[in-house]
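Asks: Quick one: the structure is below, questions incoming.
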Amino acid sequence: MIRPYHNVKQALERTWPCERQCELGPWRIFQSDGGGKRVCATRLAFDQIAASARQIDGAEQALRDLNQPLLFHIDEGQSELDKTLEKRGYHLVDPTDLLAQPVADLCDQALPKTTLFEIWPPLIIQKDIWAAGGVGPQRMNVMNRATEAKTSLLIRWKGRAAGTAYLACHGAVIMVHALIISPKQRGQGLAKWAMRKAALWGQSQGCSVLAVACTKENSVAQNLYSSLGMKHVGHYHYRLKGDLR
């Protein structure tokens, strides 16, 4: 049985952590020097669903003072906040699905030998694969900040490094981040094997649920996760005014 949405959401935050955060009224203000929108988007506290115009004004001023982007994370059930920000000139960015499935569902097949390796810290070749796929040093800093159980996967095929992924746990949830297969090695089922290896590692860490965050427009990844039987358990998006900086 898949755990509730808020547990996957908490796992997403803990396994891909911001550099600093502070509270201001109903807000949690995330601060990071790069690393993507997840680690610099301001969001409501877990028990909040809306904010007043004055509270939004206060958040905007705080973000300017901190030299952070005017970027808000919008969760399910926060439609009022979403509409308010839209009226204030914020545009929609990166609608994202949270997908999950019991790890046991992916632990039922033997994995190819000499193909998948758990490594921490990641090797230079893994960093090169990530960099080629748009996961650069700032996102590596995010991985290094995570304090709970974590590892990376080196994916090899026919004697060559073919891909990599970052795995991290929080509670009963293992999150898979930054799964990248090198372009010349795609179409051979390596991403599926990587997800199965992630499930096995998560199971060894006491996790019962495997989860990912995937933008709706990433049809290749969406098809991969669907083929594995992963189910939609939630979604979020961002509202942005101006540039990310």
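Numbered by this note's numbering, the letters in the sequence shown go through residues 1472 to 1716 in order. For every residue, glycine included, the Cβ atom is placed at its ideal position computed from N, Cα and C.
State the beta-bridge partners of residue 1495 as determined by DSSP.
Replies: 1498
Asks: Please state the DSSP three-state secondary structure of residue 1549.
Replies: coil
Asks: Kindly indicate which residue of 1634, 1612, 1510 and 1563 has the alpha-carbon position closest to the one of residue 1687.
Replies: 1563
Asks: How close, in whole Å, do the beta carbons of residue 1647 and residue 1683 come, if the pair is a contact with beta carbons under 8 angstroms?
Replies: 5 angstroms
Asks: Is residue 1599 helix, strand or coil when you go by DSSP?
Replies: Residue state, collapsed to three classes: helix.
Asks: Give the DSSP-derived three-state secondary structure of residue 1531 in the structure shown.
Replies: helix
Asks: For residue 1589, I'd like the list of residues in its chain whose CB is within less than 7 angstroms of its CB, leaving aside the five on either flank, ordered along the chain.
Replies: 1622, 1624 and 1672
Asks: Compute the Euclidean distance between the alpha carbons of residue 1517 and residue 1525, then round it to the nearest angstrom.
Replies: 20 angstroms
Asks: Name, in chain order, the residues that DSSP records as bridge partners for residue 1717.
Replies: In the structure as shown, the chain begins at 1472 and stops at 1716. Residue 1717 is therefore absent and cannot be evaluated.
Asks: Taking C-beta to C-beta, are residue 1712 and residue 1559 nearer than 9 angstroms?
Replies: Yes; because the gap between Cβ atoms is below 9 angstroms, this pair is in contact.
Asks: Could you give the distance in angstroms between the alpha-carbon of residue 1521 and the alpha-carbon of residue 1627?
Replies: Answer to the nearest angstrom: the Cα atoms are 47 angstroms apart.
Asks: Is residue 1557 buried or exposed, if buried means 16 or more other CB atoms sit within 10 Å of its CB?
Replies: exposed
Asks: When burial is assigned at 16 or more other CB atoms within 10 Å of the CB, is residue 1691 buried or exposed?
Replies: exposed
Asks: What are the start and end residues of the alpha helix (DSSP H) that includes residue 1608?
Replies: 1608-1616
Asks: Quick one: what does DSSP say residue 1576 is sitting in, helix, strand or coil?
Replies: helix
Asks: Beta-carbon within less than 6 angstroms of residue 1504's beta-carbon, same chain only, minus the 5 sequence neighbours each way: which residues are those?
Replies: Cβ neighbours of residue 1504 beyond the five flanking positions: none.
Asks: With a threshold of 8 angstroms, are at least 3 pairs of Cβ atoms found where one atom belongs to the stretch 1658-1674 and the other to the stretch 1491-1505?
Replies: no
Asks: My output table needs one value for residue 1688: the three-state DSSP class, helix, strand or coil.
Replies: Assigned with DSSP and collapsed to three states, residue 1688 falls in coil, not helix or strand.
Asks: Spell out a yes or no on whether the stretch 1608-1621 and the stretch 1654-1661 are touching, meaning 3 or more CB-CB pairs, one atom from each, closer than 8 angstroms.
Replies: no
Asks: Hey, could you find the ends of the alpha helix (DSSP H) residue 1666 is sitting in?
Replies: Start and end: 1661-1675.
Asks: Mind reading off the beta-carbon distance from residue 1567 to residue 1707? Whole number of angstroms is fine, and I expect it under 8 angstroms.
Replies: Yes, residue 1567 and residue 1707 are in contact; Cβ-Cβ is about 6 angstroms, under 8 angstroms.
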